[in-house]
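K.L.:
If you scroll down you'll find the structure; I have some questions about it.
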Amino acid sequence: MPELPEVEVVRRGLERWVAGRTVDDVEVLHPRAVRRHLAGGADFAARLKGHRVGVARRRGKYLWLPLDDSDQSVLGHLGMSGQLLVQPASAPDEKHLRIRIRFQDPVSADASGAAGTELRFVDQRTFGGLSLHDNTPDGLPDVIAHIARDPLDELFDDNAFFTALRLRRTTVKRALLDQSLISGVGNIYADEALWRAKLHYERPTSTLTRPKSAELLGHVREVMSAALAVGGTSFDSLYVNVNGESGYFDRSLDAYGREGEPCHRCGTPMRRRPWMNRSSYFCPRCQRPPVARRHP
DNA sequence: CAAGGCTCCTGATAGC
DNA sequence: TGCTATCAGGAGCCTT
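Residue 208 is where the first sequence starts when you use this note's numbering, and the numbers rise one by one after that.
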């Protein structure tokens, strides 16, 4: 389940292996993988062919490849189970291969070592996909203009985030997952940051003090930076990075997936609660539920 | 307009 | 054994 750190690992892989290469041919093997490209798979393939791709960029969980010679970008989202793999063209197709992008490689071997490889979008659950979009003046694909900057973005506005939290009538975990407020945080790192901050997931955002909000944001940054340092998290065989390597940050998770196991701070068995058609993991002692107020 | 719920999808696993 | 139910969940879209 790729969140910001995993997507950043993929972005770096794309920068290393794909930047500067020219698209030779595109095969769309599953229509759902291009469903955000409204003109369809054939149009997507035709429009990409012959274009040179630039350095991959990322905002939150979205990443995109700017096309050097146009004002458009190939936008990608990994969804639940998406992978972008750089594979030798001779490698057998993956079971869930959805899109293949071949490049025009020089006949003579170049220094990058990328010659002879192709980019593959593999996705079991088909929540992810690729699509082509016009860029905004900021160089952002237009369809993600509503996505907030992520907490590792140096232009992320901490004060605006605190103000928004105070004004929202919602709970803290919903706010962390709201990509228009702060992007890149998913269910796993939300639970991790809330555990570190000793905050219950249903705490109303309007009751957070500025220092507590700052502390929470600091924990979000720390947990993401730690994950990035080890190459992202992997919980099953579905997620691997751009070169097919699994991450291993899951060994150091404190909350997510630890139902019944002792809290790493106080030893109390961790709990899991159904929440928004998914799960929230928390320590019932360290993360006390908010006290209901009769007249808010 | 903000907030919250629904839905898309496949495969692993549990339970009967 | 083989079927069904449940769970994993990002984010667009719809309703309230």
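Ideal placement from N, C-alpha and C gives every residue a C-beta, glycine not left out.
If you're wondering where the values come from, they're calculated on a predicted model, not measured in any experiment.
With C-beta atoms as the reference, is P481 less than 7 Å away from G467?
P.N.:
Contact: no.
K.L.:
Helix, strand or coil for N484 per DSSP?
P.N.:
N484: coil per DSSP, three-state reduction.
K.L.:
Is the CB-CB distance between R472 and Y488 below 7 Å?
P.N.:
The answer is no: Cβ separation not under 7 Å.
K.L.:
Please return the same chain residues whose Cβ sits closer than 6 Å to the Cβ of P212, not counting the five positions on each side in sequence.
P.N.:
Cβ within range, chain order: M431, A434, L435 and G439.
K.L.:
Out of Q386, E429 and D330, state which residue places its alpha-carbon closest to the alpha-carbon of E301.
P.N.:
Comparing Cα-Cα distances from E301 to each of Q386, E429 and D330, the minimum goes to D330.
K.L.:
Which term fits P496, buried or exposed, when burial requires 16 or more other beta carbons within 10 angstroms of its beta carbon?
P.N.:
The residue in question, P496, is exposed, as its Cβ has fewer than 16 Cβ neighbours within 10 Å.
K.L.:
Just to check my reading of the structure: L359 and R428 have Cβ atoms closer than 8 Å, yes? What is that Cβ distance to the nearest angstrom?
P.N.:
That belief holds up - the Cβ atoms of L359 and R428 are roughly 7 Å apart, short of 8 Å.
K.L.:
Could you pull out every residue in the same chain whose Cβ sits closer than 6 Å to the Cβ of G335, ignoring the five residues on either side in sequence?
P.N.:
So the list reads H284, L285, G286 and G289, once near-sequence residues are dropped.
K.L.:
Which residues in the same chain have their Cβ closer than 6 Å to the Cβ of G227, if we skip the five residues on either side of it in sequence?
P.N.:
Around G227: no qualifying Cβ.
K.L.:
Can you give me the Cβ contacts of V350 inside the same chain, cut-off strictly under 6 Å, excluding the 5 residues immediately before and after it?
P.N.:
Closer than 6 Å at Cβ, skipping near neighbours: H340.
K.L.:
So, L292 versus R332, is the Cβ gap smaller than 7 Å?
P.N.:
Not a contact, by the Cβ cut-off of 7 Å.
K.L.:
Helix, strand or coil for V235? Go by DSSP, reduced to three states.
P.N.:
Reduced to three states, the DSSP call for V235 is strand.
K.L.:
Which residues bound the beta strand (DSSP E) around Y408?
P.N.:
Premise fails: Y408 is in no beta strand (DSSP E) and is neither H nor E.
K.L.:
In the DSSP output, which residue or residues are listed as bridge partners for P273?
P.N.:
According to DSSP, which records beta bridges pairwise, P273 is partnered with S280.
K.L.:
Indicate the three-state DSSP secondary structure (helix, strand or coil) for V293 in the structure shown.
P.N.:
Note: V293 maps to strand in three-state DSSP.
K.L.:
Following the continuous beta strand (DSSP E) through L339, name the residue where it begins and the one where it ends.
P.N.:
Counting along the chain, the beta strand (DSSP E) containing L339 begins and ends at G336 to D341.
K.L.:
Give the secondary structure of I308 by DSSP, where H, G and I count as helix, E and B as strand, and everything else as coil.
P.N.:
Looking at I308 - three-state DSSP - the assignment turns out to be strand.
K.L.:
Looking at the secondary structure, which residues open and close the alpha helix (DSSP H) in which V392 lies?
P.N.:
It is not in any alpha helix (DSSP H) - V392 carries neither H nor E in the DSSP assignment.
K.L.:
Taking the beta strand (DSSP E) that L326 falls in, what are its first and last residues?
P.N.:
Segment T324 to D330, the beta strand (DSSP E) holding L326.
K.L.:
If you check the beta carbons only, do A263 and L270 fall under 7 Å apart?
P.N.:
A contact, by the Cβ cut-off of 7 Å.
K.L.:
DSSP three-state label for P313, please.
P.N.:
Coil, per DSSP.
K.L.:
Is it buried or exposed, G323, if we count other Cβ atoms within 10 angstroms and call 16 or more buried?
P.N.:
The residue is exposed, with fewer than 16 neighbouring Cβ atoms inside 10 Å.
K.L.:
Per DSSP, R356 is paired with what?
P.N.:
Its beta-bridge partners do not exist; DSSP assigns none.
K.L.:
What first and last residue would you give for the alpha helix (DSSP H) that runs through R510?
P.N.:
The structure shown does not extend to residue 510, since the chain is modelled only from 208 through 503, so no value can be given for it.
K.L.:
Does the Cβ-Cβ distance between Y463 and I395 come in under 7 Å?
P.N.:
In this structure, I395 lies closer than 7 Å to Y463 by Cβ.
K.L.:
Check each candidate in G248, H407 and A296 and name the one with the smallest Cα separation from D398.
P.N.:
The shortest Cα separation from D398 among G248, H407 and A296 belongs to H407.
K.L.:
Going by CA-CA distance only, name the one from H303, M483, V230 and A421 that's closest to R254.
P.N.:
The residue with the shortest Cα to Cα distance from R254 is V230.
K.L.:
Once DSSP output is grouped into helix, strand and coil, what is the label at P469?
P.N.:
Strand.
K.L.:
Determine the closest residue to G248 out of R410, H426 and E234, with distance taken between C-alpha atoms.
P.N.:
When only C-alpha atoms are compared, the closest one is E234.
K.L.:
Assuming V260 and L337 form a contact by the criterion Cβ under 8 Å, report the distance between their Cβ atoms to the nearest whole angstrom.
P.N.:
Between L337 and V260 the Cβ distance is about 12 Å, and since that is not below 8 Å, they are no contact.
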